[in-house]
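Visitor: So that we are looking at the same thing, I have put the structure below in structure tokens.
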Amino acid sequence: MPPQLPGARGPLTEALFARWRYGAPLDTAPSRAVDALVDDDLHLALWCCYELSYQGFAGIGDQWEWEPETVAFRAELERAFEAALRAEHQPTGLPTDPEVALRVIATWAGPPLAHTLETEGTREMIQEFAVHRSAYQLKEADAHTWGIPRLRGPGRSAMVEIQADEYGGGRVGESHSELFADAMGELGLERSFGHYVDRLPGATLATDNLASMFGLNRRLRGALVGHLALFEMTSVGPMARYLTAARRQGDLPALERFYEVHVQADAHHASLALDGMVRPIVRDEPDLAPDVIFGAVALSHAEARFARHILRAWNEGRSSLRDPAPDEPTHGRRTDAAVLDLTSPSVRPAGPRVPIIRTEPPPRVTLHERALHTSRPTDVGSSRSNRNRRQS
Ligand SMILES: [Fe+2]
Ligand SMILES: [Fe+2]
């Protein structure tokens with residue numbers, strides 16, 4: 166069952182939804198004044214455009230996916246987002262060899278979200294984190310799959326192997342998105358895709374939009390490769406921390422399984438992505454090298470903004486989720502209160518008082534492992550780029 170269209174958040178989503186619902190003209194473009202890296206309205210509009218290529222929306226015809234005004238509008242949003250990402254990317258500070266550059270980026274430290282959940286995470290914080298991740302992880306791997314028909318040779322075969330694992334090797338119920346849905350249900354959350362999108366801020370949607378933008382544009386296939394490679398290279402450390410957080414809560418076997426699967430699989434995926442995927446792809450298409458690095462840097466920055474957003478809210482003793490506007494339509498969906506009152510101040514996560522600018526402590530791994538497994542993208546970002554990165 167496709168999700169309902171979320172509520173509009175501003176002029177972009179209002180115009181887009183009016184186009185789809187009533188056929189209204191769609192000649193709106195993002196204002197230069199908005200922060201295209203995190204803007205709520207821009208990223209919800211872009212997320213909705215992309216969703217037409219995934220599961221669609223209830224009551225919105227599939228023909229809108231390739232409708233010319235919708236496609237032109239989506240391109241305007243992508244132009245703004247990509248320009249902002251490239252503006253903060255400083256390739257001169259990195260090695261030009263993508264393999265070396267990715268190893269460097271994988272060591273960048275970032276906001277200590279995984280460490281905070283590991284050491285101080287309450288059940289409510291774990292639930293809230295799962296809600297944030299639901300936009301991506303309930304369709305985990307789908308965006309990277311767009312890369313398969315756009316690549317050739319042994320690098321593509323490595324990507325296929327990674328993706329096959331992400332889909333559970335074709336076993337029913339074993340894809341990582343299905344494991345995550347089981348974990349959400351176990352946490353008392355609604356497990357259907359798109360249920361919580363009204364609650365997700367632009368910083369969260371941007372992490373999902375990043376993968377979709379790279380996946381759905383052939384010209385950005387190099388960035389998609391870099392994005393996937395860094396994703397796999399920086400998974401094991403944070404996933405192990407999330408696993409510790411889940412075990413400490415107890416009685417969360419599905420959530421533990423989701424994290425255990427990643428700790429085990431991504432140790433292999435990390436080397437497979439770098440040696441088996443990036444190396445032959447860049448060897449066959451050297452022109453892709455700069456964008457492989459760009460994709461990894463963009464992931465690192467987007468995930469650091471996401472982590473900072475959550476930690477800032479928790480430090481202030483409030484939810485990091487977006488409050489639905491009073492006049493936003495609910496589309497008759499059952500309220501979150503049926504499963505978890507994420508809007509009630511009484512259950513908002515009591516914020517751990519940790520400094521947002523503090524970075525993850527060194528992981529408990531060897532120096533060799535550190536090069537590959539320092540941290541999930543959620544937690545990466547360089548101290549150099551931290552100084553230059555705009556705050557979310
Ligand atoms: Fe996965
Ligand atoms: Fe993986």
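Residue numbers (the working numbering): 166 to 557. From the three backbone atoms N, C-alpha and C, an ideal C-beta is built for every residue, glycine too. Please read all numbers here as calculations on a predicted model, not as lab measurements.
Taking just the CA atoms, how far does R422 sit from V247?
Guide: According to the sequence provided, residue 247 is Glu. The question's Val does not apply to it. Distance between the alpha carbons of E247 and R422: 35 Å.
Visitor: Rounded to a whole number of angstroms, what is the C-alpha to C-alpha distance between E234 and A201?
Guide: Taking the straight line from one Cα to the other gives about 20 Å.
Visitor: Keeping to the same chain, check which residues put their C-beta closer than 7 Å to that of P445; ignore five residues upstream and five downstream.
Guide: Closer than 7 Å at Cβ, skipping near neighbours: G318, P319, G320.
Visitor: Considering H309, what are the terminal residues of the alpha helix (DSSP H) in which it resides?
Guide: Note, H309: alpha helix (DSSP H), 307-310.
Visitor: Heavy atom of ligand 1 less than 7 Å from the Cβ of E331, yes or no?
Guide: For ligand 1, at least one heavy atom lies less than 7 Å from the Cβ of E331.
Visitor: Considering just the uninterrupted stretch of the alpha helix (DSSP H) at R184, what are its terminal residues?
Guide: Unbroken alpha helix (DSSP H) run through R184: 176-187.
Visitor: For the pair the region 413-427 and the region 284-294, tell me if three or more CB-CB distances fall below 8 Å.
Guide: With the cut-off at 8 Å, the region 413-427 and the region 284-294 touch.
Visitor: Using a Cβ-Cβ cut-off of 7 Å (strictly less than) and excluding sequence neighbours within five positions of L420, which residues of its own chain qualify?
Guide: Only A348, E351, L352, A411 meet the Cβ criterion.
Visitor: From the DSSP output, in three-state form, read off F358 for me.
Guide: The answer is coil: DSSP assigns F358 none of H, G, I, E or B.
Visitor: Measure the alpha-carbon distance for R356 versus T257 and round it to whole angstroms.
Guide: Cα to Cα, R356 sits roughly 43 Å from T257.
Visitor: Going straight from the alpha carbon of F358 to that of L408, what length do you get?
Guide: Rounded to the nearest angstrom, the two C-alpha atoms are 23 Å apart.
Visitor: Determine whether the beta carbon atoms of S465 and L395 lie at a separation below 8 Å.
Guide: Their beta carbons are under 8 Å apart, which means S465 touches L395 by this criterion.
Visitor: With hydrogens ignored, establish whether the beta-carbon of S400 is closer than 7 Å to any heavy atom of ligand 2.
Guide: Checking the Cβ of S400 against ligand 2 gives yes.
Visitor: Buried or exposed: which applies to V265, given that a residue is buried once 16 or more other Cβ atoms fall within 10 Å of its Cβ?
Guide: When all chains shown are included, V265 counts as exposed.
Visitor: For Q556, count neighbouring Cβ atoms within 10 angstroms of its own Cβ and tell me buried if that reaches 16, exposed if not.
Guide: Residue confidence is low: Q556 scores 30 on pLDDT, short of 50, so the model does not pin down where it sits. No coordinate-derived value is stated.
Visitor: Please report how far the alpha carbon of V199 lies from the alpha carbon of R383, in whole angstroms.
Guide: When rounded, the distance between both Cα atoms is 27 Å.
Visitor: If we ignore side chains and look at the alpha-carbon of each, how far apart do R174 and L181 end up?
Guide: Cα to Cα, the separation comes out at about 11 Å.
Visitor: Using the DSSP secondary-structure output, state which residues sit across from F222 in a beta bridge.
Guide: According to DSSP, F222 bridges with I225.
Visitor: Should V236 be labelled buried (16 or more other beta-carbon atoms within 10 Å of its own) or exposed?
Guide: It counts as exposed.
Visitor: In chain order, what residues of the same chain lie with their CB nearer than 6 Å to the CB of P171, ignoring the 5 residues before and after it?
Guide: So the list reads V362, D363, once near-sequence residues are dropped.
Visitor: What I want to know is whether the C-beta of H341 ends up closer than 7 Å to one or more non-hydrogen atoms of ligand 1.
Guide: Indeed, a heavy atom of ligand 1 lies less than 7 Å from the Cβ.
Visitor: Can you check the region 291-339 for any alpha helix (DSSP H) of at least 4 residues that lies completely inside it and give the ranges in chain order?
Guide: Those alpha helix (DSSP H) runs which fall completely within the region 291-339 and span 4+ residues are 307-310, 318-331.
Visitor: Beta-carbon separation of Q169 and A223 under 8 Å?
Guide: In this structure, A223 lies closer than 8 Å to Q169 by Cβ.
Visitor: Put N382 into one of helix, strand or coil per three-state DSSP.
Guide: Correct three-state label for N382: coil.
Visitor: In terms of residue numbering, what span does the alpha helix (DSSP H) encompassing S342 cover?
Guide: Per DSSP, S342 belongs to the alpha helix (DSSP H) from 341-351.
Visitor: Let me confirm a value: A391 is counted as buried when at least 16 other C-beta atoms fall within 10 Å, else exposed. Which label applies?
Guide: The displayed chain sequence assigns Gly, not Ala, to residue 391. Buried: at least 16 other Cβ atoms inside 10 Å.
Visitor: From Y187, R386, E468, pick the residue whose C-alpha is nearest to that of P403; which is it?
Guide: The shortest Cα separation from P403 among Y187, R386, E468 belongs to E468.
Visitor: Does the distance between the C-beta of E216 and the nearest non-hydrogen atom of ligand 2 fall short of 7 Å?
Guide: Result no, Cβ not under 7 Å from ligand 2.
Visitor: Assuming S484 and H474 are in contact, meaning their beta carbons sit under 8 Å apart, how far apart are those beta carbons, in whole angstroms?
Guide: Rounded, the Cβ-Cβ distance is 11 Å, inconsistent with contact.
Visitor: Note down the Cα distance separating A461 from A388, rounded to an integer number of angstroms.
Guide: Their backbone Cα atoms lie some 7 Å apart in a straight line.
Visitor: Do A472 and G275 have their CB atoms nearer than 8 Å?
Guide: Contact: yes.
Visitor: Counting along the chain, where does the alpha helix (DSSP H) carrying A237 start and finish?
Guide: Here the alpha helix (DSSP H) through A237 covers 233-253.
Visitor: Can you tell me the Cα-Cα spacing of D262 and D440, whole angstroms?
Guide: Rounded to whole angstroms, D262 to D440 spans 13 Å at the Cα level.
Visitor: Nearer than 7 Å: is that true of the beta carbon of E326 relative to any heavy atom of ligand 1?
Guide: Answer for E326: no, Cβ out of range of ligand 1.
Visitor: Need the endpoints of the alpha helix (DSSP H) that L365 sits in, please.
Guide: Here L365 belongs to no alpha helix (DSSP H), and DSSP marks it neither H nor E.
Visitor: Using 8 Å as the threshold, is the C-beta distance between Y219 and K304 below it?
Guide: Yes.
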